[in-house]
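Single-structure report; data block below.
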Amino acid sequence: MLSAVLIAAALAAGVTGAWSPCGFSMVETLAPAGYAGRLRTTLVACATFTLGALAGGVATFGGLALLGEALGAGGATATAVAAVVAVAAAVGEARGVRIAPQVRRQVPESWRRVLPVPLAAGLYGVLLGLGFTTFILTFAVWALAAVSVALGDPVLGALIGLAFGAGRALPVIALAPVAETDRGNAAHAAMAERPSILRGLRAADAVALAACALAIGAAPAEAATIAVAPATDPAADGGLVVWQVSGESGRLRRADGTVAALPGRDPVVGAGLVGWRDAGRLLLAAPSTLTPVDGFDAPGAGRFAFSAEWVVWRVGQTTLMAQPRNRSRPPHAVVRVSAPEQVGRPSLAGARLIFHRAGRSGSQIVLLDLASGAQRVLRRSNAQLLNPATDGRALLYVRSSALGQELRLGTLDADADRVLYRAAPTARRDTGVEPGRARHRAGYPGGRAPRLAPRPRDGITDTLWSTALSAEAAYVTRLRRGAGGATSAVVLRVER
Amino acid sequence: MSESRRGFLAKVSGALMAVTGARAVGSLVAPGEAEAYHFCGHIYTTDSCPHPTGLPRIDSRGRPLRARDGHRIDDLGRLVNVDGEPVDEDGTRLTDAEAEPLPAASRTRLCDAVGEQFGITTHTDGAWYRCCGGNVRKLVDCCSTNRRRINGDRGLTGYCYRGRKVFCVMYFQTKVPC
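Just so you know, the sequences run in chain order V and C. 1 is the number of the first residue of the first sequence in the numbering used here; add one for each residue after it. 1001 is the number of the first residue of the second sequence in the numbering used here; add one for each residue after it.
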């Protein structure tokens, strides 16, 4: 979708460029009655002009995309900037604002006199295809350049360049061969004397750019917003959302939007209640009044979860304890691992307990049926699978590897997940080459080595951490460790 | 006369040995194409094994190290301590916002990780040593029975054994000065 609208915008931007001094001059130059001298030369020159324009377009937009890739573009911030630039350009085009900054340069006139016309046409094509070497007739050129850098996708950049080059060539090769005919003259006159055509084209550019902005904004792996900050360890149920504020107590946001400070830590929600931990006691309360309706002694408890049937809490980082809400059994360990392996924060739906096990031998997301004791590994990987959340059917979790971090949404019964949000890897990679050397390209299809993983900012370590799932949205904690060593946390929200 | 003939022969043979020796030494020290590729010592076009932080530096057991300083890293590219726990640049354990330690991740031998990633059987076979950055560097091939290398085209024999081909390359930087 995004590729299609960007290609359409680039094509429209290229066509609009025909209204430039150089665009008009090209029609004149390639016409059979002009420097070409005969139709056959015109056709050859049109071909070389087209090739030149395509090459120029690829050089500019593909090159900018390579630059973006080298700078580690493609992240949420860069993409947001691209969307904003596209919107700004769309507004400018819709209002027909004079182009600024403008490039007040033209192709060298002498080439058509001193060079064979097909050669001159090819070189002119390159200059026009480059986009920024001559007059610019639409903000879309600037916007597409910014988008190419921001997305940092060389293949997409090359496609944008091809579309832009094709757009620049199309009006010229359509008009030049018929320039001296009545129809050609009429078309040329209309271009020159009817500003409404250019206004219409710029309006089309505006529509295409707006579509680009929408497509960029709707890109599923990038659409995260900060829901709460500072905050960590969210949980959601119905219209209730809770989170922990570091060093303080938990917070509850009710369905009506009101936020309440809870009288305890590690807040959770479930079965229409809100819960928190007060030292070694887990309390469940009505969200409207925060009056406790149930409580469990849980010495050493940390993060916990509850449903209508069960309460589960973590002790240390190696044990999960459970007790039925009706107290038909005393608290008992349901999961125990040996350090340094860890079990993660529990998530409960009915009697189905979901948690991660992570350690030096890999990680797993495990489902334990507390009623039957049956245990099943839902996901397993050498990548780190962290902090699952479930509503009983869907499964949300973080997958982290050296290639990147993903917030994934799937189901308990199938392992086909989709990526809701993508972030750079926790660790910052090097360039893959030693100083003064270059990457290998030999043997790769098209001489193109695979794209490297995105690079986080120097000195910043981001870790996607605990998750929560509501009917409308997914939540994930983003831990950030800065250069000073302090860890801060925000809760991101992503539409499901 | 005989002394002068012996002297002449000695001079000729000495000159021949000098020329031969110079050629041999020259061939030993010539960097050849080593300087042309993406890390010092690597003289062919086979690309690096995918490594958590880029340059395919490994320790003596084949596990990943950060190239710039030789620190241990896990499969996520995070610095880890001797126990495999993730730490920051100062060696302090990484924690969540509530100061609870983040879990350790696997630290897989790089060539094994390649096998898992590409679904092939891999072996760390032979190696060759060159002088890089003032220390002896061991150039290590991650080999496979796969006919193709990581670049996608036909693999080369390199330092591989038993008919295996080089799938990707790694290196171990020794502390031996050169």
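Beta carbons: idealized from backbone N, C-alpha and C, even for Gly. Being a predicted model, the structure only gives us computed values, none of them experimental.
Taking the alpha carbon of residue i as the reference point, which residue from the options has its own alpha carbon closest?
i                            : options                                       : result
glycine 485 (chain V)        : C:Asp1074, C:Leu1094 and C:Phe1039            : C:Leu1094
glycine 447 (chain V)        : C:Tyr1161, C:Asp1074, C:Ile1120 and C:Ile1150 : C:Ile1150
isoleucine 354 (chain V)     : V:Ser361, V:Glu309, V:Pro340 and V:Leu370     : V:Leu370
tyrosine 124 (chain V)       : V:Ser196, V:Ile99, V:Leu54 and V:Leu403       : V:Leu54
serine 25 (chain V)          : V:Arg441, V:Pro450, V:Ala229 and V:Pro171     : V:Pro171
phenylalanine 1172 (chain C) : C:Val1087, C:Glu1098, C:Ile1120 and C:Arg1130 : C:Arg1130
cysteine 1143 (chain C)      : C:Asn1135, C:Ile1120 and C:Arg1137            : C:Ile1120
arginine 480 (chain V)       : V:Arg314, V:Glu472, V:Cys212 and V:Ala489     : V:Ala489
threonine 487 (chain V)      : V:Val494, V:Ala474, V:Gly459 and V:Arg496     : V:Gly459
glycine 224 (chain V)        : V:Thr79, V:Pro445 and V:Pro21                 : Reading the sequence as shown, one finds alanine at residue 224 (chain V) and not glycine. Out of V:Thr79, V:Pro445 and V:Pro21, V:Thr79 has the C-alpha closest to the C-alpha of alanine 224 (chain V).
glycine 34 (chain V)         : V:Val5, V:Glu180, V:Ala65 and V:Val419        : V:Glu180
leucine 67 (chain V)         : V:Ser307, V:Arg451, V:Thr41 and V:Phe304      : V:Arg451
leucine 409 (chain V)        : V:Asp417, V:Ala402 and V:Leu403               : V:Asp417
arginine 1063 (chain C)      : C:Asp1075, C:Asp1069 and C:Gly1054            : C:Asp1075
arginine 199 (chain V)       : V:Leu144, V:Arg98, V:Pro234 and V:Gly432      : V:Arg98
glycine 14 (chain V)         : V:Ala449, V:Asp205, V:Gly316 and V:Asn185     : V:Asp205
Suppose contacts are defined by Cβ-Cβ distances below 7 Å. Is residue i in contact with residue j by that definition?
i                        : j                         : result
glutamate 1085 (chain C) : alanine 1104 (chain C)    : yes
leucine 30 (chain V)     : alanine 176 (chain V)     : yes
arginine 105 (chain V)   : threonine 134 (chain V)   : yes
arginine 428 (chain V)   : proline 456 (chain V)     : yes
alanine 89 (chain V)     : leucine 214 (chain V)     : no
glycine 56 (chain V)     : glycine 157 (chain V)     : no
glycine 1091 (chain C)   : proline 1052 (chain C)    : no
leucine 469 (chain V)    : leucine 396 (chain V)     : yes
alanine 333 (chain V)    : threonine 318 (chain V)   : no
glycine 17 (chain V)     : leucine 127 (chain V)     : no
alanine 474 (chain V)    : valine 494 (chain V)      : yes
cysteine 1049 (chain C)  : methionine 1170 (chain C) : yes
valine 1176 (chain C)    : valine 1140 (chain C)     : no
threonine 1122 (chain C) : glycine 1115 (chain C)    : yes
threonine 390 (chain V)  : alanine 351 (chain V)     : no
alanine 453 (chain V)    : leucine 403 (chain V)     : yes
So, at 7 Å on beta carbons, what are the nonlocal neighbours of residue i in its own chain, with the 5 sequence-adjacent residues on each side left out?
i                         : result
serine 400 (chain V)      : Ala383, Gln384, Leu386, Thr426 and Leu464
glycine 92 (chain V)      : Phe139
leucine 283 (chain V)     : Gly264, Gly275, Trp276, Pro292 and Gly295
valine 27 (chain V)       : Val172, Leu175, Ala176, Ala179 and His188
arginine 336 (chain V)    : Thr318 and Thr319
glycine 1021 (chain C)    : With a pLDDT of only 45 at glycine 1021 (chain C), under the threshold of 50, the placement of this residue in the model should not be trusted; the figure read from the coordinates follows. There are no such residues.
tryptophan 1128 (chain C) : Leu1139 and Tyr1159
Which residues in the same chain have their Cβ closer than 8 Å to the Cβ of residue i, if we skip the five residues on either side of it in sequence?
i                           : result
glycine 37 (chain V)        : Val117
glycine 362 (chain V)       : Arg380, Ser381 and Asn382
glycine 280 (chain V)       : Asp297, Ala298, Pro299, Gly300 and Ala301
alanine 211 (chain V)       : Val5, Ala8 and Ala9
glutamate 109 (chain V)     : Ser25
phenylalanine 304 (chain V) : Asp266, Val268, Gly275, Arg277, Leu282, Ala298, Val311, Val312, Trp313, Arg314 and Pro346
tyrosine 1161 (chain C)     : His1123, Asp1125, Gly1126 and Cys1143
Counting along the chain, where does the beta strand (DSSP E) carrying residue i start and finish?
i                        : result
leucine 284 (chain V)    : 281-285
histidine 188 (chain V)  : Not the beta strand (DSSP E): histidine 188 (chain V) falls in the alpha helix (DSSP H), residues 182-193.
glutamate 495 (chain V)  : 487-495
valine 433 (chain V)     : Valine 433 (chain V) -> no beta strand (DSSP E), and no H or E assigned at all.
alanine 140 (chain V)    : No beta strand (DSSP E) holds alanine 140 (chain V); the alpha helix (DSSP H) holding it covers 139-151.
glutamine 1173 (chain C) : 1165-1177
proline 324 (chain V)    : 319-324
cysteine 1143 (chain C)  : 1135-1144
serine 466 (chain V)     : 461-469
leucine 353 (chain V)    : 352-359
cysteine 1160 (chain C)  : No beta strand (DSSP E) contains cysteine 1160 (chain C), which DSSP labels as neither H nor E.
glycine 295 (chain V)    : 292-297
Tell me whether residue i, by its Cβ, gets closer than 6 Å to a heavy atom of the ligand MN.
i                    : result
valine 103 (chain V) : In the structure on display, the ligand MN does not appear, and there are no ligands present to speak of.
Going by DSSP, what residue range makes up the alpha helix (DSSP H) through residue i?
i                          : result
tryptophan 19 (chain V)    : Run containing tryptophan 19 (chain V): none; DSSP gives neither H nor E here.
phenylalanine 49 (chain V) : 39-57
leucine 156 (chain V)      : 154-175
cysteine 1049 (chain C)    : No alpha helix (DSSP H) holds cysteine 1049 (chain C); DSSP gives it neither H nor E.
valine 117 (chain V)       : 117-130
alanine 1113 (chain C)     : 1110-1118
valine 114 (chain V)       : 111-114
Skipping 5 residues on each side, what residues in its chain have a beta carbon closer than 6 Å to that of residue i?
i                          : result
valine 1025 (chain C)      : Its pLDDT being 40, under 50, valine 1025 (chain C) is placed unreliably in this model, and the value from its coordinates should be taken loosely. Excluding sequence neighbours, valine 1025 (chain C) sits near nothing in its chain.
valine 476 (chain V)       : Leu407, Leu464, Thr467 and Leu492
phenylalanine 61 (chain V) : Ser148, Gly157, Ile160 and Gly161
threonine 48 (chain V)     : Pro118, Ala121 and Gly122
glutamine 364 (chain V)    : Arg357, Val377 and Arg380
Which residue spans inside the region 213-257 of chain V form an unbroken beta strand (DSSP E) run of at least 3? 224-228, 232-237, 240-244 and 250-253
Can you list the beta strand (DSSP E) stretches of 3 or more residues lying completely in the region 362-417 of chain V, in chain order? 362-369, 375-381, 384-390, 394-401 and 404-411
Using a Cβ-Cβ cut-off of less than 8 Å, give me the residues of the region 461-478 of chain V that come near chain B, in sequence order. No chain B is present in this structure, whose protein chains are V and C.
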